[in-house]
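Read through the structure below, which is laid out as structure tokens, and then see the notes.
Residue numbers (the numbering used here), protein chains in the order written: chain C, 1 to 251; chain Z, 1001 to 1465.
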């Protein structure tokens, strides 16, 4: 089985190590991993901000890059949603591209979803035994794609204790350009979400943007924050890294 | 600053910065509503109900002309006087005529968002009538001369302490009075108003076209009194409030109550079938229905936005919305706030007048999940955004930045160079407040630190192999 890894621009630049972990994880499961070098960004920031012509140009580029991939796997729920749900929307009135978009959508999976649904693997190892993990559900993966149980199952089956986080399914306030267009609202949402975070060893998610936003807020010492978790800071670690840790044990 | 939809970014920031008590009140109230809704939804096959309700409203909207004529005939047969208002001004003129002809001095009002939309209270006051809002929440904000901040809970931005102070200022009640005692004070004053008023004004949750039945849901009994005690009852009805059949109410009344407050049914449901008939002892002598368009037909003609008109004004999307929760409704600068306000405002006011509101969302999708009639709010927000871009309503620097970003991302070599470039920047650049986007990010968040090497470099150097 061949997988083309779409690392996504944010993970490429900010969570490069987690990309390495995704590669090792997939290989450990017997998957052949390739990395099409011309890949860039899925275009979601432009799409969400209403710049659909620009989004379309990036979507066309991506359709082209992954044309021959057997499967496209992304360590990001939101970018997966872009390829799977929003590319067809963008090309709805352009029949040839629409077919191409539908075709790509059918071969595209978020990492944890791919492992559970396509590979049929639910236990990766027990390298997370005794670790308390708080899982942030990215909104798009959760509500647009219905990815909810897959990451939780992989974490729990590796021995992680999933902490009860009342706001785990609530938007963290990242929202792409939303975070800089309405920064006060965005930060206020992060504070509300963080304030309900229970004690945990790791805060994880399949969304690089959400993690940058949440960890950026948690590390921020410029403003007098009363909203960080009363239990102090959890280590923020992308899902791909934690899943590799499930196989490998603690690094 | 004047309340206006396009001031949303400034108003929202202001509330968050200077009125943390608003966030606390709104968060408490909406989380509570939302939790109750989830519980009430879990008792029924919600998906089946929602799909059915969506289909009935879609049918209604695609045959609205016929159903409006049928509703008019049914109402007239019931002895109701029907008026048509194309816009707010027309509605005001009709209302003004009714007030003058009947020498109305006192009006009791049952909670109606449409009356807010039409500016009914200032009109009545200009005609010399005394107006009493009779919903307790509306009563409180009327005392403070504020607009409602939520479709169902107009005063949820106020906490008990503030309400105690409002009552203290207006009625001299003690500052530690219980909520029950405060409600009793309002109740006594409103009781007098009900008995004195010549006219009661309500909205309508639904209007059944086949029987001409006006359906109203409430919990306080004030709507029942407002519509039955005064001599004249005027119902303001948006043309989208129709349902085809009386029997449709069986689902809509319960679904709306579940969505709005998590109740299986409102405490009171009034089904109004016309004025007092010969031999009956009570009820109004005249019942008027004003059917209001005020921009709705232009929304209906819109190939995308028309779905907004399925809205039953339950407020479930506000309760589910984490963006609304930070500020409450006033920041939106429009009578309808939250997710539904953000898609209704550009439809009813025109996009130019409300172009900021479609951006008042992180597109998390919680609103669609909560909506009892499955209005695809995130999709509609996106549609409005794309129109704003198409019509050149977005800031020029933003458009230029997006074009540059798209150009970079469609030229892999440029992307690669840009990735190199950000690693050569001194830390201060990604950490400081010079570049506007970086500034907006780093004010409140730690600076951005790229990984030492990008993934692509790790892959190409064999470190990822």
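Backbone N, C-alpha and C define an ideal beta-carbon position, used for all residues, glycine too.
Whole angstroms is fine: what's the gap from residue 74/C's alpha carbon to residue 175/C's? 18 Å
Starting from residue 1106/Z and walking both ways along the beta strand (DSSP E), at which residues does that stretch end? 1106 to 1109
Residue range of the beta strand (DSSP E) that residue 1215/Z falls in? 1213 to 1218
Anything in chain D within Cβ reach of residue 35/C, meaning under 9 Å, just list it in chain order. You won't find chain D in this structure, because its protein chains are C and Z.
In chain order, what residues of the segment 40 to 52 of chain C put their CB closer than 8 Å to some CB of chain Z? Within the segment 40 to 52 of chain C, the residues whose Cβ lies closer than 8 Å to some Cβ of chain Z are 40, 41, 43, 45, 46, 47, 48, 49, 50, 51, 52, listed in chain order.
What's the C-alpha gap between residue 114/C and residue 238/C? Answer to the nearest angstrom: the Cα atoms are 16 Å apart.
Excluding the 5 residues preceding and the 5 following residue 1204/Z in the sequence, name in chain order all residues of the same chain whose CB lies nearer than 6 Å to its CB. Excluding residues within five positions, the ones whose Cβ falls inside 6 Å are 1214, 1235, 1237, 1241.
Would residue 226/C count as contacting chain Z if we go by Cβ distances under 8 Å? With a pLDDT of only 40 at residue 226/C, under the threshold of 50, the placement of this residue in the model should not be trusted; the figure read from the coordinates follows. Residue 226/C does not count as touching chain Z.
Mind listing the chain Z neighbours of residue 7/C? Cutoff is C-beta to C-beta under 8 Å, in chain order. 1455, 1456
Which first and last residues belong to the alpha helix (DSSP H) in which residue 117/C is found? Run containing residue 117/C: none; DSSP gives neither H nor E here.
Option in 1090/Z, 1436/Z, 1272/Z with minimal Cα separation from residue 1227/Z: Nearest option by C-alpha distance: 1272/Z.
Counting contacts by CB-CB distance shorter than 8 Å, is residue 183/C in contact with chain Z? yes
Nearest CA to the CA of residue 1184/Z: which residue from 1199/Z, 1167/Z, 1197/Z? 1167/Z
Could you tell me whether the Cβ of residue 13/C comes closer than 8 Å to any Cβ of chain Z? yes
Spatial neighbours of residue 224/C within its chain, please: C-beta separation below 6 Å, excluding the five flanking residues on both sides. Since pLDDT at residue 224/C reaches only 36, below the 50 mark, its modelled position is unreliable, and no value is offered.
Determine whether the beta carbon atoms of residue 234/C and residue 190/C lie at a separation below 8 Å. no
Of all Cβ atoms in chain Z, is any one closer than 8 Å to the Cβ of residue 16/C? yes
Rounded straight-line distance, which links the Cα of residue 1404/Z to that of residue 1461/Z: 29 Å
At a CB distance below 7 Å, what residues from the segment 137 to 153 of chain C approach chain Z? Give them in sequence order. 139, 143, 144
For the segment 1086 to 1095 of chain Z against the segment 1175 to 1191 of chain Z, do three or more pairs of beta-carbon atoms, one drawn from each stretch, fall closer than 8 Å, so that the two count as touching? no
Counting contacts by CB-CB distance shorter than 8 Å, is residue 1193/Z in contact with chain C? no
In the DSSP assignment, find the unbroken beta strand (DSSP E) run with residue 1103/Z in it and report its ends. Note, residue 1103/Z: premise wrong, no beta strand (DSSP E); not H, not E.
Judging by CA-CA distance, which residue of 1156/Z, 1105/Z, 1219/Z is the nearest neighbour of residue 1021/Z? Residue 1021/Z has its Cα closest to that of 1156/Z, out of 1156/Z, 1105/Z, 1219/Z.
Helix, strand or coil: which one does DSSP assign to residue 1330/Z? Secondary structure at residue 1330/Z: helix, using DSSP grouped into helix, strand and coil.
Based on the DSSP output, what are the partners of residue 5/C in its beta bridges? 73/C
CA-CA distance, residue 1449/Z and residue 1146/Z? 46 Å
Output the boundary residues of the beta strand (DSSP E) element that contains residue 1081/Z. 1081 to 1085
At the 8 Å Cβ level, is residue 217/C part of the contact set with chain Z, yes or no? The C-beta of residue 217/C comes closer than 8 Å to at least one C-beta of chain Z.
Just verifying my parser: in three-state terms, what is the DSSP assignment at residue 1200/Z? strand
Hey, does residue 248/C have any beta-carbon neighbour from chain Z nearer than 8 Å? no
Take residue 1293/Z as the anchor and find which of 1149/Z, 1301/Z, 1397/Z has the nearest alpha-carbon. 1301/Z
Would you kindly report the start and end of the unbroken alpha helix (DSSP H) that includes residue 1417/Z? 1412 to 1424
Per-residue DSSP class, three states only, for residue 224/C: Caution is warranted here: a pLDDT of 36 is assigned to residue 224/C, below 50, making its placement in the model unreliable, and no coordinate value can be reported.
In whole angstroms, what is the alpha-carbon distance linking residue 49/C and residue 126/C? The C-alpha of residue 126/C is placed about 42 Å away from the C-alpha of residue 49/C.
Three-state class that DSSP yields for residue 159/C in the structure shown: coil
Got a sec: is the Cβ-Cβ distance from residue 1444/Z to anything in chain C below 8 Å? yes
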